[in-house]
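Undergrad: Right, I'll just put the structure down here and ask away after.
Protein chains: 2
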Amino acid sequence: MQGEPSPNDERPTLKTIAYLTGLGVTTVSRALKDGPEIGEDTKQRVRLIAQQIGYRPNRAGVRLRTGKTNVISLILNTHEEGYGFISAMVYGISEALSSTPYHLVVTPHSLSDPMEPVRYIVETKSADGIIISRTEPNDPRVRYMQSQGFPFATHGRTEIERPHAFYDYDNAEFAKEAIRHLVSRGRKKIALLGPPNALYYHKHTVSGFLEGLKQAGLSAVVFDDVDSDRPMADIKAFGEKLGHSDDRPDGIVASSAMAAIALISGLEDSGRKVGQDFDIVAKQSTMPLNWYRKEIITIDEDFREAGRYLAQSVLAVINGAEPASLQHLAKPRGA
Amino acid sequence: MQGEPSPNDERPTLKTIAYLTGLGVTTVSRALKDGPEIGEDTKQRVRLIAQQIGYRPNRAGVRLRTGKTNVISLILNTHEEGYGFISAMVYGISEALSSTPYHLVVTPHSLSDPMEPVRYIVETKSADGIIISRTEPNDPRVRYMQSQGFPFATHGRTEIERPHAFYDYDNAEFAKEAIRHLVSRGRKKIALLGPPNALYYHKHTVSGFLEGLKQAGLSAVVFDDVDSDRPMADIKAFGEKLGHSDDRPDGIVASSAMAAIALISGLEDSGRKVGQDFDIVAKQSTMPLNWYRKEIITIDEDFREAGRYLAQSVLAVINGAEPASLQHLAKPRGA
DNA sequence: TTCACCATCTGTATCGTTACAGATTTTTCC
DNA sequence: GGAAAAATCTGTAACGATACAGATGGTGAA
């Protein structure tokens, strides 16, 4: 026992507790993590004192010794600005982490190199787990983290054979459901304002869309010039052009609320009215879309739940769970 | 989640560089931080090798030794969900931090105890600086951080004498400008849907509002039952009730875009039309409000800029700058 | 009695970094 | 030439935690 008298203005460490209890530092450490080689009464005593003096393990110490950071990193690209669902994700994740020792670090990156933050985190081990979004079918970030054995969960699926934890929204089902709504209102010429090509949920959305049309005996119109990720001003301009075109659709499926608003805005500028000249079905997450135009048909997507699920999944993976068992496909909920 | 064995060896440390250069670990450390007692050619050599092998300082090591975390903590309360401006703030902060070694940690808290996360971070020194929002006139968090000499910056001012870094939006000016717009459209009975009482910007908004009315020779109507922070459904309900009331206003100033949408939504349910029965001026941040109703009069607020400024300010405070010189009052920009 | 064995507890080394107090060499100046 | 000063460089000891290999003492079996 090499304990010095402890000055009590400093933050307590294991040494402080060791001094107060007359035990060794090692014993205190083991006691606090409920190690098997420590007597029950000793554990009680240590826990009591630790609680009384408000001991909190020094994260730098733990991290240096064990490599454990107690950090989950959420990687976001700056593109997503303005869409507001990030807040919901962040809160969902925070919620799930609040009862754990984990912290949430938000790591942004520009579109130029999506791999860079992932590589940085893995190489420097600056987090125990990663959450990424906007997955591509053959996402290099997923491949990389798998090859490195690094725990992660993705918002969105991939085509990669080896299973990984994910939370995804059933966009095929969304598209089919959307078409059902439009068909039931007598719409015949249905178009899709879908996600950008590169992202995997583009495929799900399109395949659901095509299947839905087939079931309804209709043929397809997919907007090629524009996707739901484009700047709102572009989508609006596209909408206006579309409204003036002769073979404009009378039904629209929109993969994002903001894109829907922008598109409607443009269509209205060309004199078309939602609910009359056309109907539109859109995903709704944060803001109630019906307050914008009550004629919009909405289908809910819950990003807070996504955040919660993703956080819990990464933690599970970190604790050795099988990624294959941590996959969730959320069913659209009509609103 | 097991992967392939990691391809190359261990992560390089100072020891690695010391071995490669034949220098001592201390020398390498000093060289990399450009210490004065190291020869110029040695520095060059060390830097070169460090760069070649991709050396990155181990943050846990630095933190344990120096106490420096290289972390800025943004404290958010879960209430703010759905308002979407958080994304903008987060990106603004990230942008400012991207060229520095600092990371952004998002620390949420429930409304129950706003002090808890602040105390935790200060006590455990788990960040080098803190950013808080939604300040009260005599904000206990500010008092606490000041008393502890902890670097921070606030989104919003306080009444506290001792200066601290802040970024605030000139809500008094906003209200006055808003009234000018309304008066110029012949509105005579103007009401305010302002922020909650407890927050300091409530006072600024109200005083600007009252002054604006006085200049226009009008008298005031302030909604007492509702504020811009309330759930949107409540605001909408209030709007509907208001629309049916006999002494309803013909001009409205709204402190938040979402609140404005909710209120309009309610007023419309009671048969009132914006631009006809009433005009409304609202703050606009992420989404273009005119796409919702083109008659809304908007005044811009830039949260991304706020985030940037706040991040730069905390860093400056950390580096010893005078908080009094890090105060910014953003002027409203009419849109 | 002896000794293996278990239950508890402890000291030492270590993670990567930097502060500090030397150590060594070179330069300067008389 | 020699001593003091300056310029470089180095080893050791922390920071707080944990892995590991011993200690210590008590128990029960032979």
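Taken in order, these protein sequences are the chains called A and B. Convert by adding 3 to the 1-based position in the first sequence; the result is the number in this note's numbering. Convert by adding 3 to the 1-based position in the second sequence; the result is the number in this note's numbering. In this text, a Cβ means the ideal position worked out from N, Cα and C, and glycines have one as well. Bear in mind that the values here come from a model prediction, so they are computed numbers and not experimental data.
Whole angstroms is fine: what's the gap from Leu202 (chain B)'s alpha carbon to Glu162 (chain B)'s?
TA: Between Leu202 (chain B) and Glu162 (chain B), the C-alpha separation is close to 11 Å.
Undergrad: Ala359 (chain B) bridges to which residues according to DSSP?
TA: Absent from the model: residue 359 (chain B). The displayed extent of chain B is 4 to 338, so no value can be given.
Undergrad: Can you give me the C-alpha to C-alpha distance between Phe212 (chain A) and Ile267 (chain A), rounded to a whole angstrom?
TA: Going by the C-alpha atoms only, they are around 20 Å apart.
Undergrad: Output, in chain order, the set of chain B residues within a Cβ distance shorter than 7 Å of Pro66 (chain A).
TA: This sequence places Arg at residue 66 (chain A); Pro is not what is there. Near Arg66 (chain A) (Cβ distances below 7 Å), the residues of chain B are Ala63.
Undergrad: Are any of the Cβ atoms in chain A nearer than 8 Å to that of His205 (chain B)?
TA: So, not an interface residue.
Undergrad: Helix, strand or coil for Tyr295 (chain B) per DSSP?
TA: If DSSP states are grouped into helix, strand and coil, Tyr295 (chain B) belongs with coil.
Undergrad: Using the Cβ count rule (16 or more neighbours within 10 Å means buried), how would you classify Leu51 (chain A)?
TA: Result: exposed.
Undergrad: What residue range is occupied by the uninterrupted alpha helix (DSSP H) comprising Leu51 (chain A)?
TA: Run containing Leu51 (chain A): 43-56, per the alpha helix (DSSP H) assignment.
Undergrad: Would you list, in chain order, the members of the region 229-241 of chain B that have their beta-carbon closer than 9 Å to a beta-carbon of chain A?
TA: Within the region 229-241 of chain B, the residues whose Cβ lies closer than 9 Å to some Cβ of chain A are Met235, Ala236, Lys239, listed in chain order.
Undergrad: Can you tell me where the beta strand (DSSP E) with Gln330 (chain A) in it begins and where it stops?
TA: Counting along the chain, the beta strand (DSSP E) containing Gln330 (chain A) begins and ends at 330-333.
Undergrad: Taking the DSSP output, what are the residues bridged to Phe229 (chain A)?
TA: With the sequence shown as reference, residue 229 (chain A) is identified as Val, and Phe is not the correct amino acid for it. Answer is none; Val229 (chain A) lacks a bridge partner.
Undergrad: Run through the DSSP bridge pairs and tell me what Asp131 (chain A) is partnered with.
TA: Answer is none; Asp131 (chain A) lacks a bridge partner.
Undergrad: Since Ala63 (chain B) is in the alpha helix (DSSP H), which residue starts that stretch and which ends it?
TA: Element bounds for Ala63 (chain B): 62-69.
Undergrad: In terms of residue numbering, what span does the alpha helix (DSSP H) encompassing Tyr94 (chain A) cover?
TA: First-last of the alpha helix (DSSP H) with Tyr94 (chain A): 88-100.
Undergrad: Interface residues of chain A around Val121 (chain B) at Cβ under 8 Å?
TA: Residues of chain A passing the Cβ test: none, with the nearest at roughly 15 Å.
Undergrad: To the nearest angstrom, how far is it from the Cα of Glu214 (chain B) to the Cα of Gly70 (chain A)?
TA: Cα-Cα distance, rounded: 59 Å.
Undergrad: Do you know offhand how far Asp44 (chain A)'s Cα is from Asn80 (chain B)'s?
TA: Computed Cα separation, rounded: 40 Å.
Undergrad: Within the same chain, show all residues whose beta-carbon is closer than 7 Å to that of Gln54 (chain B), passing over the 5 residues directly before and after it, in chain order.
TA: Nothing meets the Cβ criterion.
Undergrad: Relative to the C-alpha of Asp142 (chain A), which candidate in A:Thr157, A:Gln287, A:Val229 has its C-alpha closest?
TA: Of the listed residues, the one whose Cα sits closest to Asp142 (chain A) is A:Thr157.
Undergrad: Could you give the first and the last residue of the continuous alpha helix (DSSP H) run that contains Leu107 (chain B)?
TA: Premise fails: Leu107 (chain B) lies in the beta strand (DSSP E), 106-112, not in any alpha helix (DSSP H).
Undergrad: Please name the residue or residues paired with Thr157 (chain B) in a DSSP beta bridge.
TA: BP columns for Thr157 (chain B) point to B:Ile135, B:Phe169.
Undergrad: Would a C-beta distance cut-off of 8 Å place Phe244 (chain A) and Leu221 (chain A) closer than the cut-off?
TA: One point to set straight first is that residue 244 (chain A) is Lys, not Phe, in the sequence displayed. No, these two residues do not count as a Cβ contact at 8 Å.
Undergrad: Go ahead and label Glu40 (chain A) buried or exposed: buried means 16 or more other beta carbons lie within 10 angstroms of its beta carbon, across all protein chains shown.
TA: Exposed, by the Cβ-count rule.
Undergrad: Suppose the cutoff is 6 Å on Cβ atoms and the five residues either side in sequence are ignored; what does the same chain contact list for Asp237 (chain B) look like?
TA: Closer than 6 Å at the Cβ level, and outside the excluded window around Asp237 (chain B), lies no residue.
Undergrad: Which same chain residues, not among the five before or five after Glu98 (chain A), have their C-beta less than 6 Å away from its C-beta?
TA: Excluding positions up to five away in sequence, the list reads Arg311.
Undergrad: Apart from the five residues just before and just after Glu139 (chain A), which ones in its own chain have a Cβ nearer than 8 Å to its Cβ?
TA: Excluding sequence neighbours, Glu139 (chain A) sits near Thr161, Ala201, Leu202, Tyr203.
Undergrad: When we look at the beta-carbon of Ile340 (chain B) and count the other beta-carbons within 10 Å, is it buried (16 or more) or exposed?
TA: It is not possible to answer for residue 340 (chain B), since the shown part of chain B is limited to 4 through 338.
Undergrad: Quick one: measure Cβ to Cβ for Ser90 (chain B) and Ser90 (chain A), integer angstroms, because I've assumed they're closer than 8 Å.
TA: Yes, they are in contact, since the Cβ atoms of Ser90 (chain B) and Ser90 (chain A) sit about 6 Å apart, within 8 Å.
Undergrad: Determine the DSSP secondary structure at Ser339 (chain B), reduced to helix, strand or coil.
TA: In the structure as shown, chain B begins at 4 and stops at 338. Residue 339 (chain B) is therefore absent and cannot be evaluated.
Undergrad: Could you tell me whether the region 316-328 of chain B touches the region 280-291 of chain B, using the rule of 3 or more Cβ pairs below 8 Å?
TA: Short answer: they don't touch.
Undergrad: Return the residue from the list B:Asp227, B:Tyr58, B:Phe177 that minimises the CA-CA distance to Thr19 (chain B).
TA: Selected option, being the one with the closest Cα: B:Tyr58.
Undergrad: Beta strand (DSSP E) containing Ser273 (chain B): first to last residue?
TA: Looking at the DSSP string, Ser273 (chain B) is not in any beta strand (DSSP E), and its letter there is neither H nor E.
Undergrad: Could you name the residues of chain A that Thr301 (chain B) contacts, counting a contact when the two beta carbons are closer than 9 Å?
TA: Result: empty, since nearest Cβ-Cβ is about 14 Å, beyond 9 Å.
Undergrad: Below 8 Å on the Cβ atoms is my contact criterion, and I expect Ser258 (chain B) with Pro198 (chain B) to pass it. Report the Cβ-Cβ distance as a whole number of Å.
TA: About 5 Å; that satisfies the 8 Å criterion.
Undergrad: Figure out for me which residue from B:Tyr172, B:Thr301, B:Leu195 has the closest Cα to the Cα of Glu308 (chain B).
TA: That would be B:Tyr172, whose Cα lies nearest to the Cα of Glu308 (chain B).
Undergrad: Name the DSSP beta bridge partners of Leu77 (chain B), please?
TA: Paired residues: B:Val109, B:Ile134.
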